[in-house]
Amino acid sequence: MTSSFISALGYRNTASSSCCPTPSFPGSLRVVVSRRTTIEPDHKKPAEPPRTSRTESKKPPKEKHEAHSGSPEGAGTTALQPTHQLLGNHFSSETPDPAIPPKLASASVRPSNQLFKLLSTSTARDSARGQITLLHLSAWLATGQEGGNGGYLAGRWAQLWPIQFPQNPFAYRLGWAGLIQVNGETYEFMGRPNEDFIGNRHRRAVQRGFRYTSSRSIFEFDAGGLRFLVTFLSPIGPEGDLVRQSLPFSYLTIELIEETLRDTDQVSVYTDIQADWASGDHNVNATWSIDHFDQSVTYKLGRQEQLTFAEQFEYAEWGQVIYATEKVPGLTTASGVASQLRSHFVSHGKLNGDQDEDYRKISDQTAGLAYSVPLSRHSKSAVFVIGHIRDPYVQSIENHKGRHREGKLSEKWGYWRSVFNLTDEAIKFSLKDYPTAVQTADFIDKKIEDDARRVGGEDYVAIASLSARQALGGIEITIGKDEHGNYDPTDVAAFLKEISSNGDMSTVDVIFPQFPVLAYLDPQLLKLLLEPIFKYSTSGLYPNRWTVHDLGRYPNATGHNDGKDEPMPVEEAGNILIMSLAYHQLAKDDEWLAKHYVILKQWAGFLVDDGLIPAKQLSTDDFAGTLANQTNLALKAIVGIGAMAQIACTSGYKEEGSSFRTIAEKFVDQWIGFSLNESGNHTKLAYQLKDSWGTLYNLFGDRLLNLKLVPERIYRIQDDYYPHVANQFGVPLDSRHTWAKTDWQMFAAGAAITIQTRDLFLNKLVTYLKANKVNAGFPDLYETETAEFPGRSKTSTWRIEFINRPVSGGHFSILALDKLNKANGVTEFPFRNRHRQSNQATSAIQPGHRLETLAKLGISWGAVMAFHQLFLT
27 MTSSFISALG YRNTASSSCC PTPSFPGSLR VVVSRRTTIE PDHKKPAEPP
77 RTSRTESKKP PKEKHEAHSG SPEGAGTTAL QPTHQLLGNH FSSETPDPAI
127 PPKLASASVR PSNQLFKLLS TSTARDSARG QITLLHLSAW LATGQEGGNG
177 GYLAGRWAQL WPIQFPQNPF AYRLGWAGLI QVNGETYEFM GRPNEDFIGN
227 RHRRAVQRGF RYTSSRSIFE FDAGGLRFLV TFLSPIGPEG DLVRQSLPFS
277 YLTIELIEET LRDTDQVSVY TDIQADWASG DHNVNATWSI DHFDQSVTYK
327 LGRQEQLTFA EQFEYAEWGQ VIYATEKVPG LTTASGVASQ LRSHFVSHGK
377 LNGDQDEDYR KISDQTAGLA YSVPLSRHSK SAVFVIGHIR DPYVQSIENH
427 KGRHREGKLS EKWGYWRSVF NLTDEAIKFS LKDYPTAVQT ADFIDKKIED
477 DARRVGGEDY VAIASLSARQ ALGGIEITIG KDEHGNYDPT DVAAFLKEIS
527 SNGDMSTVDV IFPQFPVLAY LDPQLLKLLL EPIFKYSTSG LYPNRWTVHD
577 LGRYPNATGH NDGKDEPMPV EEAGNILIMS LAYHQLAKDD EWLAKHYVIL
627 KQWAGFLVDD GLIPAKQLST DDFAGTLANQ TNLALKAIVG IGAMAQIACT
677 SGYKEEGSSF RTIAEKFVDQ WIGFSLNESG NHTKLAYQLK DSWGTLYNLF
727 GDRLLNLKLV PERIYRIQDD YYPHVANQFG VPLDSRHTWA KTDWQMFAAG
777 AAITIQTRDL FLNKLVTYLK ANKVNAGFPD LYETETAEFP GRSKTSTWRI
827 EFINRPVSGG HFSILALDKL NKANGVTEFP FRNRHRQSNQ ATSAIQPGHR
877 LETLAKLGIS WGAVMAFHQL FLT
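Start counting at 1 in the sequence shown, then tack on 26, and there's your number in this note's numbering.
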């Protein structure tokens, strides 16, 4: 390690490697119940060797950054960057009681004009122009603006970012319109309401800029010489405040820039949502209503025939869409045929108050629910709350006190219901809470930007800021009810929807790549996500020794009582052990760890049996297919065993902890011999594939938890090797394909021990984003040669389209490492002490010693003979 690198990151070694002393390895040690280890040779053609034509022997140069130009109206626009100068005041250090809505200084919602000063310049972070997140605050409200419109808010409808990236521009369309009238002239600024007018009776506002922060997407417009901002804010905090975090509402704000406002200007804004928000089936009937209160007005929209716990085309088929605003002088409302509402506003600058009660099919003269608000120097902004309410949220299979042999489905409600029994009270609170939401957003946006810049530079700021809402948006915090129908404070949990890939519920190997953002921002959310996994696993309903893959398909956590969930036994067992220790290292929650000790030990025992030599099976990268003896998967198992060693020691089982630690260390020694290629300059994809290689992203677990299992040499050879296989837009996942995963690249960046390798991954990922080839919510699987979606093969037209998935939480790996290092007292990169490494740790195991070594490790003789046949014949 160079002194300059130590100086750059301020590291110095003070932490110990283990909470338990490590005795000599006992050959008779048994901590497992049974063995099912097998090895299956892979007879496929070995993967092609690395492409030397793309070798990069030096740190990639910094990308040159250019501002985008051009506009649908011919005027230039600048893609604006995240910045620490944000709206509103700084967030108070005092966190309110999450169970008690705070008393607000004023119910009047008036954002600051401070943001205008930020919109006149552009820097490097222009990478998100084609991927505009508008709303992202629940499993069914992932709404964005596709990049096919060039990054402009006007001229294209918003869309639900769903299971498949829509090739048809009308697929998953969400009608959400915005018009502004300045001195009698109407301009379009959001959506495509212009299509309702023959001859284009009004113009489009000129978009001058777009920028994003972790919690906001902000657009600047010019209309009739007047400038204004349109801001979409999805709250992602504050830490520990479960009520605010569970409220399913986002904000739309339209704010005039005072410096451009004249005293004689007459300004009014119009916005509506259409009935297509109500259901994925546009042939069903929708209903809507309007409620007037002293200080607010609320539209509610839903499917007429509610289908509880059902979805179609990624839309929830029960519940209500909420669109609300504060009641201000001059506010007008109307519902009816959307095109007619817009036409009336163009002609009159306001609405007539008529409310359509002709409930009909969504596709039949599509209804709109509209507001018009006058703006002036004395009232410069309008704020709208939008969200989706469902009662209940999800259902989960349980075996309460062992009474239900086959399990019983239990309904869960949004956690906010424990404070707001009435929906209208929650809506009114959210409107009044807007100043607090802005303060919280200021604080979190600045925290993420400052921390990301400190540990990874400007490229990392762009990546982290773009990822935050997507990473957290699929989490829903719930509360159950007791036998008397009261909300049960002991039954609080969180569930995750696997957005885009298949809609599974609380998929363990999706929570795992997501968990760095939780470790960094709010470890309590990680605990709440793991609770349903533990609860089901210890219910007696799940028959397998390893960790369940998922709990069902969202929103139905029906479990897998037949044990036939997607088979990723080593993957999931390793994942949950790593995450459990990470949570404890951050929260020091001894009681929680002790509560789950028995099942954690069971999963670790399975890894001792089956982890070092994984049978032919899937890893989390299931799109690549099954493979035996996966190097990276075996490493995850070893790290999981090492995590169990610390869990045991922390829980007071020091002898068991010492045993697990010894096994993990011995397994590492053997793993190195199996996994290194003949030249010793990189690890292989699988033990038997001599010319293969892979991104060894599971090194990150060893570093993150400060386990000191893997010798420094392995980190160094991987760091040195990645530049030689990097393509224009990233480092491929492995030698079988040219595709890459963004989350695993960032895990590899977190595991890197040189700035050059860390920056290689960061630079390549930003280069991919700037290419704007895939204009949707941050895709996590892409081709490193073209920046396009990957096909199943080079000749396939069947594309794999992973978009808007919560695995973008893995982009926070470097920030999570920084936080865990502080929690664990780590000030230098942790490696195993050199004097404890055997010769086997730095060289391949001699064939003559393999059988004896495997037998001493407690590997079953069936596996030993399979291994012998695979490698020695």
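Ideal Cβ positions, reconstructed from N, Cα and C, are used throughout, including at glycine.
task: Please classify Ala654: does DSSP put it in a helix, a strand, or coil?
output: coil
- request: Taking only the alpha-carbon atoms, compute the straight-line gap between Gly201 and Leu367 and give it to the nearest angstrom.
  value: 13 Å
field: Reduced DSSP category for Val310 - H, G, I as helix; E, B as strand; rest coil
entry: coil
query: Are there 16 or more other CB atoms within 10 angstroms of the CB of Glu524, so buried, or fewer, so exposed?
result: buried
query: Between Leu735 and Val694, what straight-line distance do the alpha-carbon atoms span, to the nearest angstrom?
result: 7 Å
- prompt: Just to check, is the beta-carbon of Ile689 closer than 8 Å to a non-hydrogen atom of the ligand ZN?
  reply: Ligands in the displayed structure: none, and consequently the ligand ZN is not present.
- prompt: Can you tell me the Cα-Cα spacing of Leu554 and Gly668, whole angstroms?
  reply: 23 Å
message: By alpha-carbon positions, which one of Ile453, Lys434, Val295 and His414 ends up nearest to Gly356?
response: Val295
query: Is DSSP giving Thr688 helix, strand or coil here?
result: helix
Counterpart residues of Pro400 in DSSP-defined beta bridges: Ser294
field: Proximity below 9 Å, CB of Phe258 to CB of Phe215
entry: no
message: Rounding to the nearest angstrom, what Cα-Cα distance links Glu432 and Glu424 in this structure?
response: 9 Å
Glu451 (DSSP reduced to helix, strand or coil): helix
- request: Just the C-alpha distance for Lys710 and Thr721, rounded to the nearest angstrom, thanks.
  value: 9 Å
query: Between the Cα of Arg237 and the Cα atoms of Leu179, Glu265, Arg270 and Ala249, which residue gives the shortest distance?
result: Leu179
query: Can you find at least 3 beta carbon pairs, one from the stretch 460-470 and one from the stretch 790-805, that sit closer than 8 Å?
result: no
- prompt: Can you give the Cα-Cα distance for Asp289 and Arg403, rounded to whole angstroms?
  reply: 7 Å
- prompt: Hey, does Ala608 have any beta-carbon neighbour from chain C nearer than 9 Å?
  reply: This model lacks chain C altogether, as it is built from one protein chain only.
- prompt: What do you get for Arg729, buried or exposed, if any count of 16 or more other CB atoms within 10 angstroms of its CB means buried?
  reply: buried
- prompt: Does DSSP put Lys473 in a helix, in a strand, or in coil?
  reply: helix
message: For Gly631, count the other beta carbons within 10 Å of its own beta carbon; 16 or more makes it buried, fewer makes it exposed. Which is it?
response: buried
message: Can you list, in chain order, the residues of its chain with a C-beta nearer than 7 Å to that of Glu352? Leave out the 5 residues immediately preceding and following it.
response: Val135, Gln321, Ser322, Val409 and Leu457
Spatial neighbours of Thr334 in its chain, beta-carbon cut-off 7 Å, leaving aside the 5 residues before and after: Trp344
task: Taking Gly306 and Tyr349 to be in contact with their CB atoms under 8 Å, please state how far apart those CB atoms are, rounded to whole angstroms.
output: Contact doesn't hold; Cβ gap of about 19 Å is too wide.
query: How far does the alpha helix (DSSP H) with Ile262 in it reach, from first residue to last?
result: Careful: Ile262 lies outside any alpha helix (DSSP H) and carries neither H nor E.
query: From this set, Asp588, Tyr513 and Ile559, which residue's C-alpha is nearest Ser532's C-alpha?
result: Ile559
message: Once the 5 residues before and after Lys454 are set aside, which same chain residues still bring their CB inside 6 Å of it?
response: Ser322
message: Just to check my reading of the structure: Gln696 and Leu638 have Cβ atoms closer than 8 Å, yes? What is that Cβ distance to the nearest angstrom?
response: 6 Å
query: Roughly how many whole angstroms lie between the Cα atoms of Ala336 and Leu715?
result: 45 Å
query: Excluding sequence positions up to five away, which residues of its chain have a Cβ less than 6 Å from the Cβ of Pro758?
result: Thr764, Ala766 and Thr810
- request: Measure the C-alpha to C-alpha separation of Glu617 and Val310 and round it to an integer number of angstroms.
  value: 50 Å
Rounded straight-line distance, which links the Cα of Ile501 to that of Asn582: 15 Å
- request: Assign Tyr808 to one of three DSSP states: helix, strand, or coil.
  value: strand
task: Taking only the alpha-carbon atoms, compute the straight-line gap between Ile388 and Leu841 and give it to the nearest angstrom.
output: 45 Å
- prompt: Where Thr793 and Gln754 are concerned, what is the direct C-alpha to C-alpha distance, given to the nearest angstrom?
  reply: 8 Å
message: Restricting to Cα atoms, I'd like to know which of Phe804, Ile781 and Gln656 is closest to Ser761.
response: Gln656
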